[in-house]
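The listed protein sequences correspond, in order, to chains A and B. Per numbering that gives the first Met the number 0, residue 0 is the first one in the first sequence, and the count goes up by one each step. Per numbering that gives the first Met the number 0, residue 0 is the first one in the second sequence, and the count goes up by one each step. The beta carbon of each residue, even a glycine, is placed where N, CA and C say it ideally should be. All values derive from a computational prediction rather than experimental measurement. Quick notes on the structure that follows.
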Amino acid sequence: MKTLEDLRAIKEKAKKEMAAREKTAKYRISVAMGTCGIAAGARTVMSAMLDEISKRNVENAMISQTGCLGYCDQEPMVQVTGPDNNTITYGKVTAEIARRIVSEHVLGDAVVSSYVFKQG
Amino acid sequence: MRELSLNILDIITNSVEAEATRVILVIEEWQTRNLLRVRIRDNGRGMSDDLMSRVLDPFVTTRTTRSVGMGLSLFRQIALSTDGDLVLQSALGVGTTVTVDLRLNHLNRPPLGRISDTVVNLAIGALDVHFYYIHHTESGRMIFDSFRLFGYMEETGCGLYQTIVPMKEKIQRQLKAIHSSAL
Chain A
0 MKTLEDLRAI KEKAKKEMAA REKTAKYRIS VAMGTCGIAA GARTVMSAML
50 DEISKRNVEN AMISQTGCLG YCDQEPMVQV TGPDNNTITY GKVTAEIARR
100 IVSEHVLGDA VVSSYVFKQG
Chain B
0 MRELSLNILD IITNSVEAEA TRVILVIEEW QTRNLLRVRI RDNGRGMSDD
50 LMSRVLDPFV TTRTTRSVGM GLSLFRQIAL STDGDLVLQS ALGVGTTVTV
100 DLRLNHLNRP PLGRISDTVV NLAIGALDVH FYYIHHTESG RMIFDSFRLF
150 GYMEETGCGL YQTIVPMKEK IQRQLKAIHS SAL
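See below:
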């Protein structure tokens, strides 16, 4: 059985690996988790994205959560920032669209244009 | 919101935004006392007395993206509808504790829902925060410590995102073990 100190050391190591991954990640994905987003289904969207990233063994992306983006009627919202720092904001994302964002945008470099709410 | 685990996610997201590095979620479920108690304690920046006196008003928020802050007031409304209540304790620079009491067998009480999704998604989405989740019932107790994700990574050699499904399943199994009846 590992002690808390062991786990803390492992966490620091994992954090360093994640920081290295963040530097090399081609895409950074943020799921908006304000009250409005959560009520509209953001947790399901986050779960679907994490599941797809895990299943497809995606190595070039980081996923995190963020607060309300100020467009509550468009929730759930997902932002994908690419290597050029250009951010695509998707609106009214479902679990199915979330999986498409991973497979088409993150892995295929093709924006899922029908669900884009905002660019730049 | 359809599940209490979504209200919990919402409140803990506030803790993360308040720069907490440690969040403790305790759920107590006592059939004999007809009580479901949810307590969220963080070591974030805390609130002033003035803000605390206004924060349950849905038209008060510290955010700049919108003029309403629904999370706490929404959770309080749910608690009140089950003859329960929400109590806030906070101190600037120390942290905040939110305690929500609900009548366990009240018709208006929403189900707890997928708490494993809430906890694991938070642990992955906010890596800098150390999450503890403790769940008590009359049949026993379970503890999830987000550091376990890292222990699992070390033991299996898998990546962070590969820990998600096994961790969620583990929480669900542990919850099942301490429940004689589903929430």
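About 13 Å separates the CB atoms of residue 143 of chain B and residue 6 of chain A; that is not less than 8 Å, and the two are not in contact. Residue 61 of chain A is not a Cβ neighbour of residue 116 of chain A, given a cutoff of 8 Å. Boundaries of the alpha helix (DSSP H) harbouring residue 150 of chain B: 146 to 155, taken from the DSSP string. Taking all protein chains shown into account, residue 76 of chain B has fewer than 16 neighbouring C-beta atoms within 10 Å of its C-beta and is therefore exposed. Annotation for residue 176 of chain B: the continuous alpha helix (DSSP H) segment containing it runs 163 to 176. Under the three-state reduction of DSSP output, residue 74 of chain A falls in the coil class, being neither helix nor strand. Judged by beta-carbon spacing, residue 66 of chain A lies within the 8 Å limit of residue 16 of chain B, meaning their Cβ atoms are closer than that value. When DSSP reads this structure, residue 74 of chain B sits in no beta bridge, so it has no partner. Chain B places no beta carbon closer than 8 Å to that of residue 24 of chain A, leaving this residue out of the contacts.
When 8 Å is used as the limit between beta carbons, residue 124 of chain B is near these residues of chain A: 30, 32, 45, 62, 63 and 64, in chain order. Close partners of residue 9 of chain B in chain A (Cβ separation under 7 Å): 34 and 37. At a Cβ-Cβ threshold of 8 Å, residue 109 of chain A and residue 47 of chain A do not count as neighbours. Along the region 82 to 95 of chain B, there is no position whose C-beta sits under 9 Å from a C-beta of chain A.
Within a 10 Å sphere around the beta-carbon of residue 13 of chain B sit 16 or more other beta-carbons, which makes this residue buried. Excluding the 5 residues flanking it on each side, residue 101 of chain B has same chain C-beta neighbours closer than 6 Å at 35, 78, 81, 83 and 108, in chain order.
Cβ-Cβ separation between residue 34 of chain A and residue 69 of chain B: approximately 5 Å, consistent with a contact (criterion under 8 Å).
Using a Cβ-Cβ cut-off of 8 Å, residue 96 of chain A does not count as an interface residue toward chain B, since no Cβ of chain B sits closer than that to its own.
With a threshold of 16 other beta carbon atoms within 10 Å, residue 92 of chain A meets it and is buried. Cβ-Cβ separation between residue 123 of chain B and residue 49 of chain A: approximately 6 Å, consistent with a contact (criterion under 8 Å). For residue 116 of chain B, the nearest beta carbon of chain A is closer than 8 Å to its own beta carbon. In this structure, the CA atom of residue 114 of chain A is about 11 Å from the CA atom of residue 78 of chain A. Cβ neighbours of residue 89 of chain A within its own chain (closer than 8 Å, five residues either side excluded): 76, 77, 78, 79, 96, 100, 111, 114, 115 and 116. Listed along chain B are 126 and 159, each with a C-beta nearer than 9 Å to that of residue 17 of chain A. For residue 46 of chain B, the nearest beta carbon of chain A is not closer than 8 Å to its own beta carbon. Nearest C-alpha to residue 73 of chain B among B/7, B/163, B/156 and B/173: B/7. Residue contact with chain B for residue 100 of chain A: absent (no Cβ-Cβ distance below 8 Å to any residue of chain B). Membership of residue 31 of chain A in the beta strand (DSSP E) is indicated by the continuous run 26 to 31. Contact between the region 20 to 37 of chain B and the region 130 to 140 of chain B is established, with three or more Cβ pairs separated by less than 8 Å.
No Cβ of chain B is located within less than 8 Å of the beta carbon of residue 117 of chain A. Within the DSSP secondary-structure output, residue 8 of chain A pairs in no beta bridge. Proximity of residue 146 of chain B to chain A, defined by a Cβ-Cβ separation below 8 Å, is satisfied. Per DSSP, reduced to three states, the secondary structure at residue 52 of chain B is helical.
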